[in-house]
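K.L.:
Quick one: the structure is below, questions incoming.
Protein chains in written order, with UniProt numbering: chain A, 1 to 306; chain B, 1 to 306.
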């Protein structure tokens with residue numbers, strides 16, 4: 001029985017590239033594996049796949065009765081809806097430990113690094129499997145994306161060394177230029193429906209019983225949002241109501257200025273004051289130096305809900 | 001700030017030896033670590049520690065505000081009572097994924113092998129740290145204990161290879177003889193208070209909201225229990241009442257005959273029928289071939305509660 005290797009809902013480049021890279025590795029060591037996805041590739045991911053000649057993995061929603069290897073999270077809210085009826089055989093991740101549980105032993109490769117693909121590289125090294133050129137390319141791009149070309153506070157020396165090694169395998173001389181090209185693709189918001197922008201990199205978290213949705217858009221210049229900010233605000237308010245959420249937060253991250261404007265709709269008017277020591281004014285708050293949802297946005301928020 | 005490396009409540013040899021071995025490794029790679037324990041070493045563990053010249057790790061109950069590295073489980077019921085107020089920096093384990101969660105990224109080295117010390121050996125290899133002779137000895141004994149000298153269905157080729165490598169480092173020629181010596185120590189039940197026997201290797205599980213306690217005594221001949229079986233049965237009934245448990249099960253495992261007699265007190269008279277297809281008669285049921293609580297006892301029970 002093959003295992004399906006699948007990342008989180010609303011997949012980012014780490015989830016998609018990680019699924020492809022890990023499925024290849026598993027097949028090389030004699031464990032049949034199929035890369036899968038829970039949603040459409042983002043424009044950034046589509047750019048990466050095309051650049052290195054890959055098709056998107058299999059779109060698959062249901063996993064009851066299947067073996068599943070989870071990539072890039074360990075949260076029920078980010079897993080397939082029927083994950084409780086599947087057998088989780090492994091997890092590769094770089095986030096906090098979430099609420100997925102299993103009834104049988106499994107493997108977990110979880111490390112506090114900047115990207116799941118950095119951990120997958122460690123798995124290739126452990127099994128002594130050679131990484132094909134094009135797979136090295138997509139793994140490298142996933143790490144450049146997750147670490148915001150090494151600017152994110154989540155970036156570790158392991159991530160940097162990993163990108164350097166993968167760039168050499170992939171034959172990419174100027175990987176930072178490729179990273180910037182990628183972020184330019186990511187910054188093109190014009191012509192995209194507002195809901196698509198909000199959902200592009202959106203994750204729901206269970207915070208002490210409260211459902212909190214947090215989206216993030218990383219761009220090279222926040223001015224791209226000037227024309228659509230009011231629409232974004234209206235849309236996250238609608239999303240909060242639709243999903244019965246306590247709060248919906250949207251991070252507009254400027255990777256060059258290295259900070260984020262957070263758009264906030266919440267049942268708790270003091271939420272950002274308590275979590276980040278900065279009050280929300282007219283539904284907006286600027287968080288200087290904040291690039292990472294995982295490291296800088298989620299943990300203080302969880303404390304605020306505790 | 002040092003991290004405390006600590007195994008589960010009612011520690012077995014894997015928890016104690018693993019804490020010592022992992023704390024040593026962490027200190028070698030520049031991360032200050034202190035081995036700790038949540039309870040008294042069993043006679044088997046005391047034998048191992050004495051054989052290789054170790055003191056028992058620090059007894060420490062409270063961890064609020066501390067950094068903790070969890071060994072040999074990922075379950076709230078088996079962790080320090082105040083674990084929610086501590087920061088879990090890592091987990092090394094070989095069981096199903098439990099209900100521990102964190103609010104920050106961590107490392108998890110979890111593999112479906114027979115013993116946490118087999119995973120800790122992988123960590124030594126990853127960091128390229130030499131294992132001292134005496135630490136190799138206690139790691140080897142922990143693996144021989146958890147895998148019942150390779151007889152348990154939880155034993156993998158990784159465990160066997162690991163024992164062989166550790167035996168060579170420790171300079172032990174006949175490791176199976178040492179294993180049998182260890183199980184003879186484990187089999188000496190005479191003169192031990194009945195409650196101590198029941199609790200010697202006892203774990204509580206949350207099964208779909210029901211608290212289920214499962215103890216196990218592994219011996220080389222079940223006849224050692226002839227004189228005390230009635231007392232054991234009275235004591236697990238008392239334990240069930242005291243702890244508000246749905247069921248208390250005690251496995252009397254014969255490692256030579258390779259099977260277990262299960263003593264059962266439960267709110268559900270059909271529990272073993274539903275879980276194992278064998279009815280309990282007069283509070284007892286023989287489970288042929290059953291050596292492993294983790295692999296053969298817990299998963300079917302969880303299914304029965306699902």
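Backbone N, C-alpha and C define an ideal beta-carbon position, used for all residues, glycine too. Remember, it's a predicted structure, so these values are computed and weren't measured experimentally.
Between residue 119/A and residue 70/A, is the Cβ-Cβ spacing less than 9 Å?
P.N.:
no
K.L.:
Would you list, in chain order, the members of the stretch 136-160 of chain B that have their beta-carbon closer than 7 Å to a beta-carbon of chain A?
P.N.:
none
K.L.:
Using beta-carbon positions only, say whether residue 97/B and residue 22/A come within less than 9 Å of one another.
P.N.:
No, they are not a contact pair.
K.L.:
Count the CB pairs spanning the stretch 30-40 of chain B and the stretch 265-281 of chain A that are closer than 8 Å, and state whether there are at least three.
P.N.:
Touching, no.
K.L.:
Strictly under 9 Å for the Cβ-Cβ distance: is residue 106/B near chain A by that measure?
P.N.:
yes
K.L.:
Using Cβ-Cβ distances below 8 Å, what residues of the stretch 19-45 of chain A are close to chain B?
P.N.:
none
K.L.:
What does residue 94/A touch in chain B if you count any residue whose Cβ is under 9 Å from its own?
P.N.:
105
K.L.:
Alpha carbon to alpha carbon, how far is residue 261/A from residue 222/A? Give it in angstroms, no decimals.
P.N.:
9 Å
K.L.:
Would residue 48/B and residue 145/B be called neighbours here (beta carbons separated by less than 9 Å)?
P.N.:
yes
K.L.:
Figure out for me which residue from 142/B, 300/B and 283/B has the closest Cα to the Cα of residue 16/B.
P.N.:
142/B
K.L.:
Does the Cβ-Cβ distance between residue 236/A and residue 198/A come in under 9 Å?
P.N.:
yes
K.L.:
When burial is assigned at 16 or more other CB atoms within 10 Å of the CB, is residue 3/A buried or exposed?
P.N.:
buried
K.L.:
Out of curiosity, what's the CA-to-CA distance linking residue 64/B and residue 191/B?
P.N.:
38 Å
K.L.:
Could you name the residues of the same chain whose beta carbon sits closer than 7 Å to that of residue 163/A, not counting the 5 residues immediately before and after it, in chain order?
P.N.:
Taking C-beta separations shorter than 7 Å and ignoring five residues to either side along the sequence, the partners of residue 163/A in its chain run 140, 143, 144 and 175, following chain order.
K.L.:
Under the assumption that residue 77/A contacts residue 204/A (Cβ atoms under 8 Å), give the Cβ distance between them as a whole number of angstroms.
P.N.:
Contact between residue 77/A and residue 204/A holds: CB atoms are separated by about 4 Å, below the 8 Å threshold.
K.L.:
Closer than 9 Å, Cβ to Cβ, to anything on chain A: give me those residues from the stretch 269-302 of chain B, in chain order.
P.N.:
294, 295, 298, 299 and 302
K.L.:
At which residues does the beta strand (DSSP E) containing residue 284/A begin and terminate?
P.N.:
284-288
K.L.:
With a threshold of 9 Å between beta carbons, is residue 112/A in contact with chain B?
P.N.:
yes
K.L.:
Any beta carbon from chain B within less than 9 Å of residue 126/A's own beta carbon?
P.N.:
yes
K.L.:
Please report how far the alpha carbon of residue 92/A lies from the alpha carbon of residue 90/B, in whole angstroms.
P.N.:
The straight-line gap from Cα to Cα measures roughly 14 Å.
K.L.:
Considering only DSSP beta bridges, list what residue 37/A is partnered with.
P.N.:
59/A
K.L.:
Nearest by alpha-carbon distance to residue 184/A: which of 82/A, 14/A, 132/A and 149/A is it?
P.N.:
149/A
K.L.:
Cβ of residue 31/B within 8 Å of any heavy atom in the ligand NAP?
P.N.:
What this structure holds is no ligand at all, so the ligand NAP is not there to describe.
K.L.:
Can you grab the Cα-Cα spacing for the pair residue 167/B / residue 299/A, in whole Å?
P.N.:
44 Å
K.L.:
What is the residue span of the beta strand (DSSP E) that residue 260/B lies within?
P.N.:
In the DSSP assignment, residue 260/B falls within the unbroken beta strand (DSSP E) covering 259-266.
K.L.:
Identify the residues that DSSP records as bridge partners of residue 162/A: which are they?
P.N.:
Paired residue(s): none; residue 162/A is not in a bridge.
K.L.:
With 9 Å as the threshold, decide whether the Cβ of residue 214/A is near any Cβ in chain B.
P.N.:
no
K.L.:
Please determine, among 172/B, 9/B and 213/B, the residue with the shortest C-alpha to C-alpha distance to residue 133/B.
P.N.:
172/B
K.L.:
Does any residue of chain A bring its CB to less than 9 Å from the CB of residue 263/B?
P.N.:
no
K.L.:
Using only the alpha-carbon positions, how far apart do residue 226/A and residue 258/A sit?
P.N.:
Rounded to the nearest angstrom, the two C-alpha atoms are 18 Å apart.
K.L.:
Within 9 Å of any Cβ in chain B, is that where the Cβ of residue 98/A sits?
P.N.:
yes
K.L.:
Tell me the DSSP secondary structure of residue 114/B in three-state form.
P.N.:
coil
K.L.:
Who are the near neighbours of residue 113/A in its chain, counting only those whose CB is closer than 6 Å to its CB and skipping five residues on each side?
P.N.:
94, 156, 158 and 159
K.L.:
Smallest Cα separation from residue 244/B: which of 219/B, 210/B and 169/B?
P.N.:
If we check each option's Cα against that of residue 244/B, 210/B comes out closest.
K.L.:
Got a sec? Which residues, its chain only, sit under 7 Å from residue 195/B by beta carbon, not counting five neighbours each side?
P.N.:
235
K.L.:
What would DSSP say about residue 208/B, mapped onto helix, strand or coil?
P.N.:
coil
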